[in-house]
Each structure stands twice: as C-alpha cells, then as structure tokens.
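To start, the structure itself, in structure tokens.
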Amino acid sequence: MWLCILSVVIAYFIGNISPSILMAKAKGIDIRNEGSGNAGTTNALRVMGKKAGAVTLIIDVLKGTCAVLLGSLLAGHTGAMWCVVAVFFGHVWPVFFGFRGGKGVATAFGALMGLNPLLGLATLAIVVAGVLITRRMSVGSILGAVCFPVLSFFMEKDFIYLGIVVAVIVLIKHRANIIRLFRGEEPVMSIFERKTDTKKQEEK
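With the first letter of the sequence shown counted as 1, position 10 gets the number 10 in UniProt numbering; the numbers rise by one all the way through.
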C-alpha cells in the first residue's frame, strides 16, 4: 500500500519534468506564451526548432516509461497502472510550473509502452497514420486518445477505464484544436509546411 502511494507520488513529480519549458527558459522565453502555448513536442518544434522538438519528444516519452517501470518495481501491476495516471497528471498539471503543462500525449504513450508495449505500438500506429494523412499532430493525438480505450477492450480489458480517463483529458486539452479543425483553421506541422513550400517553389 505504502509503496504504491510512494510510487504514485514519485511518478507525479517525474511528470513535472518539462524539457520544453526548461529549454525555453534557458533561451529567455516561456514556451507557454509562444506559438500554440502548449508545452509539448509540436510547439517546441515550432518555436525552438527540430533539436528542441526531438529532445522534448524523447524525454516526455521516457519519463512516462520510467514512471511506470518504477511503479511496477515497487508495487507491481496495480502500482504501474496508477503511475500511468500520476505521471500523466504530472505532465499536464505540473506543480513546479504553476499547473500549466503540456497535453500529455507523448508521456501517455511512454507510460503505455512501459505497461503494455503491444498496445502502445498499436496506438502509435494510429497516431502516425493520422499525422501522415492529415499532416496535423493534433489529429493523430486525438485519434490515438480515442482509440486507446477501444484497443484496450480487445487487447487488455484491465486498461479500459484508464484509457477513458486519459482519452477524456487529452480531448479536453485539445478542445481549441478541435474547434480549429471544424473551422478548417488548424495549421499543418511545420515539417510538412516546409515540404509543401519547397514543392510550390519547384513548380514555379
């Protein structure tokens, strides 16, 4: 019991580690006031470039995986499941940064990989497909979040309620993106914008 509580507390604080916020602060800016205002991979890529985006993605994924593995080590399967929620909440609502964090997609994926790699890869495939087809990270993230509990029903029923919690929060955090998508105003990812611009210049 106490080890489970300890693992959850540690997982929450692991989730508080925000590479995008820390790298932006080193540059004298607050990434939450730049670009989309999100402390995540896509905005880090947009505001600070490819290296910052890659570092943000890697650390956000790894902290999710590490938190779950720690929970599993200290408190078994139950501890691991609670640590998914804890590290996810820590990323989305970090106490060290005024409870203003990212949207939690990369961290949730990392946690899922630590919990059930097969389910994690299946969810990742949906995210990647959504991004490649629409060229918008928000679409891939939303699809992945919605499909997480659905996939859990077929692959690991113990995770259904966990998947619903994560999906609901991800959708809430993406509400502005959803509105822009319906209006046709959601921008494509910067890496795709560059490719499009290059093609247009070649055509001219």
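Beta carbons are placed, not taken as given, at the ideal position from N, Cα and C, and that holds for glycine.
Item	Value
Pairs of beta-carbons, one from the segment 82-89 and one from the segment 111-119, closer than 8 Å: are there three or more?	yes
According to DSSP, simplified to helix, strand and coil, what is W82?	helix
At 4 residues or longer, what runs of the alpha helix (DSSP H) sit wholly inside the segment 119-172?	137-155
Using the C-alpha atoms, what's the distance from G35 back to A24?	12 Å
First and last residue of the alpha helix (DSSP H) that includes P187?	Looking at the DSSP string, P187 is not in any alpha helix (DSSP H), and its letter there is neither H nor E.
Do A106 and V61 have their C-beta atoms within less than 7 Å of each other?	yes
Kindly list the residues whose CB is nearer than 6 Å to the CB of V92, restricted to its own chain and excluding five residues on each side of it in sequence; keep chain order.	G101, G104
Have a look at V165, G120, I169, I191 and flag the residue whose alpha-carbon is nearest the alpha-carbon of E156.	G120
By a C-beta neighbour count over all protein chains shown, 10 Å radius and 16 as the cutoff for buried, is G28 buried or exposed?	exposed
Where F96 and V165 are concerned, what is the direct C-alpha to C-alpha distance, given to the nearest angstrom?	23 Å
Report the CB separation of A125 from V146 in whole angstroms; it is logged as a contact under 8 Å.	At roughly 14 Å, the Cβ-Cβ gap does not stay under 8 Å, so A125 and V146 are not in contact.
Once you ignore the five residues that flank I14 on each side, which residues in its own chain have a CB closer than 6 Å to its CB?	K63, A67, V87
By a C-beta neighbour count over all protein chains shown, 10 Å radius and 16 as the cutoff for buried, is M48 buried or exposed?	buried
Assuming T56 and P19 make a contact with CB atoms under 8 Å, what is their CB distance in whole Å?	5 Å
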